[in-house]
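Since the structure comes first, as structure tokens, the remarks are kept for the end.
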Amino acid sequence: MPIDAISSLGVAETASQESDRGISQETAFETLSSERRRYTLHYLLQRDDPVTLRELSAQIAAWENDTVRDAVTYKERMRVYTALRQSHLPMMADNGIVRFDTDRSVVELTPEASELEVYFDVVPTDSISWSSYYLGLGALSVGVVAADLVGLLPFTLVPAIAWSALIAATFTTSAGVHFLRDRRMRLGREGPPPTNRGDGP
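This note's numbering applies: residue 32 is where the sequence shown begins, and numbers increase by one.
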């Protein structure tokens, strides 16, 4: 077999292997580390059809400036348009997350983008994590039960069944708040995109 053919075959096999591996965790984190890329995903997830770069940049500019799309200025839109066209969309296209037709200025999600779904919950940066919250709540509950068992006042003044009901209600309420918060902080839901600024337990 000619060397050129062997070389081409090797490149094709490598590309196929990389495609089979899908989107790596490193790529997912890199993609979602940028607010504009998160906003891009959020908008594309809300649309069933491809969108124009003009439409996408206008909506992202509106979100960034906390206004409606019709109120976005030409300068605000072009600042986002240029960044998307020159940097964000090519990076996302290279990683198989979007299809970006530069000739038509049209963009859409790829089927592979669904692999990012597990990372779509936006985590606030200035609050404690839910895992830390539940760990603390669990430790507090164990402490209350232990104090009641050893007869420590004022814990013994409250019936054990009442403590059990209070602990169960606290965990149930916390879980409900957690569920609603996760729905509100998920990319692709209706409305404006979630931010990672201050919305923890």
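Cβ coordinates follow ideal geometry from the N, Cα and C atoms, glycine included. Since the structure is predicted, the reported quantities are computational estimates derived from the model, not experimental observations.
In angstroms, rounded to a whole number, what distance separates the CA positions of Ala124 and Phe131?
6 Å
Do you know offhand how far Ala178's Cα is from Leu168's?
15 Å
Alpha carbon to alpha carbon, what distance is there between Ile91 and Val149?
23 Å
I need the boundaries of the alpha helix (DSSP H) containing Arg110, first residue and last residue.
Tyr105 to Ala114
Any idea which residues DSSP pairs Arg130 with across the strands?
Glu139
With 16 as the cutoff for other CB atoms within 10 Å, does Ser233 come out buried or exposed?
Shown here, the chain extends from 32 to 232; a query on residue 233 therefore has no answer.
Sorted by chain position, which residues of the same chain lie with C-beta nearer than 6 Å to Glu139's C-beta, five sequence neighbours on each side aside?
Pro81 and Arg130
Opposite Thr83 in the DSSP bridges: which residues?
Val137
Nearest by alpha-carbon distance to Arg67: which of Asp101, Ser55 and Ser118 is it?
Ser118
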